[in-house]
Amino acid sequence: MIGTENEILKSVGQFIAKKCNNIVIMSHENPDGDAVGSAVGLAEILQNNGHNVSIIFPNDYPYFLKWFSSKIEILIYDNQKKNIEEKMKKADLLFCLDFNEVKRAGKLKKQLLEFSKPKILIDHHLQPSLFCDYIISEPSYCSTAELIFDTVHKLNLASSINYNAAEALYTGILTDTGSFSHNISRANVFRVVSELLRYGINADKIHSNIYHNFSVERMKLLGYCLNEKMEILTELRTAVISLTKEEQAKYNFQIGDYEGFVNYPLSIKNIVFSALFIEKEGLVKASFRSKGSFPSNKFSKDHFNGGGHLNAAGGESSESLDETLGNFKHLLMHYKHQLINTKI
Ligand code: 5GP
Ligand code: MN
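Structural data, given as C-alpha cells:
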C-alpha cells in the first residue's frame, strides 16, 4: 500500500459506497490472463454491488482467454474509440489494474492522463509510478487477481463475489503463476485459490480452456522456435529466440500465440536467462525470463525501456530485429560474471 492501508481503503470504500456509480476498469496493452481475469473479476464484484461497470483495454486480448462466463462487455480501444471515450466521460471512478506505469496503458494513455475523477491503481509490479490518486500496490502478490480478492474482503465487498468473479480471478492467478509453477511460495496464494474454488468453479475446465485451446499452427510455431530458432549461449547460461514478421505470417500468427514460449528454455539445465524477440510493425517486442537472483526487470529497464518482475519482464527496441539481437548478445558480455554466479 502507498499511504496507510486504512486511509486508502477508507477512501476507496467511500467512493464505492455510493451505489450506481459509473465505473471504468482498464488494464495494460497486450492484455494477459491476469489483466483480463482481474478486470473481469473486479467488474463482476462491482456490478453485483450495484454499479455500472465497463472494462476497457488498449488492444485485443488472446483467443484462449475468450471463454469467460461473465457477460460484462469488454471494449477494445482499437475498434471502439468513440464508445470508450463516451464511457470515460461519464465515469465517476477509474480502476487501473495490473500495470505500474502510464506507458503500459498504450493507446489508452491519453484517456488515462486526462481522466479528472478519482483513479485507483491495484497492482503487483514493483515501484509503481504515481499516476493514480489511490495506489494499492503489493509486489509480493503473485497476481493482481490475488490482490483483488484480498482487497475486496477488506472493503467488505466479499458478499458480491460470485461464480463469474471467482472464475476470472482464478484465471489471473493461474496464468500469472505459469499454471502454479512460479511465485507460489506464499501460503496466501493457495488460501485464495481454495476460497475461490468454493464458488463451484471448475479448475480443470479453466486449465483446458487456456492451455488446451491452441491452434495447430501455434503448436508448430513452438516446435519451429525450439528446434530451429533457439540459440543457447552456454557460457552465458542464456537462451534466445527471435521471430521475424515473415515467420509469424507463415504460421498464421494470432495475438497471444507466442505467450509462454520464452519460458521453455528455462527448463534446460543450467540456463538462467531466456529472451524472446518478436518483430512487430515498427518495433521489436522483447520478453525476458530468469531464474534466481538475475533481475530480468532491471535488465529490461536499463536496456529495453521496459520493466516487470524480477524473473519475468518485457520491453521493446526500436532497432531492427538483427540489430536488436546483436546488441543483446553484446550486452550480455557485461553480465557474464553475474550470469555465471546466479544461484538457482
Ligand atoms: P511478457 O513477457 O509476458 O510480455 O511480460 C512479462 C512481464 O513484464 C509482465 O509483468 C509485464 O507486465 C511486464 N512487461 C511486459 N512488457 C513490458 C513493457 O514494455 N514495459 C514494462 N514496464 N513492463 C512490461
Ligand atoms: Mn499480473
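The sequence shown: position 132 = 517 (my numbering), numbered continuously.
Ideal Cβ positions, reconstructed from N, Cα and C, are used throughout, including at glycine.
Nonlocal neighbours in the same chain, by C-beta distance under 7 Å from residue i, ignoring five residues either side
{"i": "residue 708", "result": "none"}
{"i": "residue 677", "result": "657, 727, 728 and 729"}
Beta carbon of residue i nearer than 8 Å to that of residue j
{"i": "residue 641", "j": "residue 449", "result": "yes"}
{"i": "residue 530", "j": "residue 586", "result": "no"}
{"i": "residue 644", "j": "residue 463", "result": "no"}
{"i": "residue 621", "j": "residue 717", "result": "yes"}
{"i": "residue 626", "j": "residue 661", "result": "yes"}
{"i": "residue 452", "j": "residue 547", "result": "no"}
Inter-residue Cα distance where the pair is residue i and residue j
{"i": "residue 722", "j": "residue 685", "result": "18 Å"}
{"i": "residue 579", "j": "residue 698", "result": "28 Å"}
{"i": "residue 565", "j": "residue 592", "result": "11 Å"}
{"i": "residue 396", "j": "residue 554", "result": "24 Å"}
{"i": "residue 410", "j": "residue 490", "result": "12 Å"}
{"i": "residue 504", "j": "residue 517", "result": "5 Å"}
{"i": "residue 415", "j": "residue 493", "result": "12 Å"}
{"i": "residue 511", "j": "residue 556", "result": "22 Å"}
{"i": "residue 477", "j": "residue 607", "result": "44 Å"}
{"i": "residue 609", "j": "residue 633", "result": "11 Å"}
{"i": "residue 534", "j": "residue 523", "result": "13 Å"}
{"i": "residue 739", "j": "residue 706", "result": "The chain is shown only over 386 to 729; residue 739 falls outside these bounds and no answer can be derived."}
{"i": "residue 673", "j": "residue 444", "result": "22 Å"}
{"i": "residue 439", "j": "residue 515", "result": "23 Å"}
{"i": "residue 681", "j": "residue 405", "result": "42 Å"}
{"i": "residue 742", "j": "residue 659", "result": "Residue coverage of the chain in this structure runs from 386 to 729, which leaves residue 742 outside it and unanswerable."}
{"i": "residue 703", "j": "residue 664", "result": "10 Å"}
{"i": "residue 389", "j": "residue 539", "result": "13 Å"}
Environment of residue i [buried if 16+ CB atoms lie within 10 Å]
{"i": "residue 725", "result": "exposed"}
{"i": "residue 421", "result": "buried"}
{"i": "residue 670", "result": "buried"}
{"i": "residue 583", "result": "exposed"}
{"i": "residue 694", "result": "buried"}
{"i": "residue 589", "result": "exposed"}
{"i": "residue 654", "result": "exposed"}
{"i": "residue 729", "result": "exposed"}
{"i": "residue 432", "result": "buried"}
{"i": "residue 428", "result": "buried"}
{"i": "residue 559", "result": "buried"}
{"i": "residue 496", "result": "buried"}
{"i": "residue 525", "result": "exposed"}
DSSP beta-bridge partners of residue i
{"i": "residue 519", "result": "505"}
{"i": "residue 411", "result": "441 and 481"}
{"i": "residue 699", "result": "672 and 692"}
{"i": "residue 665", "result": "668"}
{"i": "residue 658", "result": "623 and 675"}
{"i": "residue 459", "result": "440"}
{"i": "residue 628", "result": "663"}
{"i": "residue 704", "result": "According to DSSP, which records beta bridges pairwise, residue 704 is partnered with nothing at all."}
Cβ neighbours of residue i in the same chain (closer than 6 Å, five flanking residues each side left out)
{"i": "residue 482", "result": "412, 423, 424, 507 and 529"}
{"i": "residue 469", "result": "441, 460 and 462"}
{"i": "residue 637", "result": "602"}
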